[in-house]
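Numbering (UniProt numbering), first residue to last: 1 to 203. Where a beta carbon is used, it is the ideal one built from N, C-alpha and C, also for glycine. Quantities reported herein were computed from a predicted structural model and do not represent experimental measurements. To start, the structure itself, in structure tokens.
Written as structure tokens, this is what we have:
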């Protein structure tokens, strides 16, 4: 005699099948779970991109300004600054979206949109980082990466003894730009020139 298996959410016909084949119910549940996860990810992406469009217009969404997991370049962009292979494993949770802003206003809009739709943010500058903090997450909540790599302008003002540096520049780029303007000025930083300025200054 077949075992009765309660399989909520299926049509009555499916329930009859589930009575005879309990494994069918489990398979259906797994399919629904996978679909729900997929739909949730796409919902986050769509809401985030729609919000960006509303705040910045089409400029922030021009390719290659953002990448989803469906994009063929997603893994390359995600792993481009990774140094610790443990955080590059397939089992490590991946962001729903990688945004590469080309203007400061895009960063501001991304922060506001993340708050509006309730998604976590990870920010990484143009170089390597304190591994895993800027592009991985231990939390189960969906998250978005703001990659500052395209914001790397360095403007040195020797008369004012100052420099304006965008967060995506590296320490090496900052050293180089200062040396172009002066042989006696410098910036106190480490020897690792691939470190991103944004991460170095903010800690």
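Other residues of its chain near residue i: CB distance less than 6 Å, five sequence neighbours each side excluded
i	result
residue 102	150
residue 95	143, 144, 145
residue 77	67, 98
Local conformation of residue i per DSSP, three classes
i	result
residue 77	helix
residue 102	coil
residue 202	helix
residue 69	coil
residue 177	helix
residue 47	helix
residue 52	helix
residue 185	coil
Per DSSP, the bridge partner or partners of residue i
i	result
residue 86	According to DSSP, residue 86 bridges with nothing at all.
residue 191	Answer by DSSP bridge pairing: none, since residue 191 is not bridged.
residue 196	170
residue 155	164
residue 121	144
residue 97	68, 144
Residue i versus residue j - alpha carbon distance
i	j	result
residue 28	residue 43	Its pLDDT being 46, under 50, residue 28 is placed unreliably by the model, and the measurement read from it follows with that caveat. C-alpha separation (whole angstroms): 22 Å.
residue 144	residue 51	14 Å
residue 61	residue 195	27 Å
residue 48	residue 157	38 Å
residue 165	residue 104	12 Å
residue 120	residue 146	11 Å
residue 84	residue 45	27 Å
residue 148	residue 70	21 Å
residue 162	residue 140	42 Å
residue 125	residue 100	10 Å
residue 201	residue 109	22 Å
residue 55	residue 183	43 Å
residue 75	residue 59	24 Å
residue 178	residue 187	8 Å
Residue i burial status per 10 Å Cβ neighbour count (16 or more: buried)
i	result
residue 155	exposed
residue 66	buried
residue 197	buried
Interface flag, residue i vs chain B, CB-CB below 9 Å
i	result
residue 128	This model lacks chain B altogether, as it is built from one protein chain only.
Proximal residues to residue i (C-beta, below 8 Å), its chain only, five neighbours per side dropped
i	result
residue 90	none
residue 106	52, 56, 59, 60, 65, 99
residue 73	64, 67
Cut-off 7 Å between Cβ atoms - residues of its own chain near residue i, not counting five sequence neighbours on either side
i	result
residue 53	61
residue 92	136
residue 193	170, 171, 172, 175
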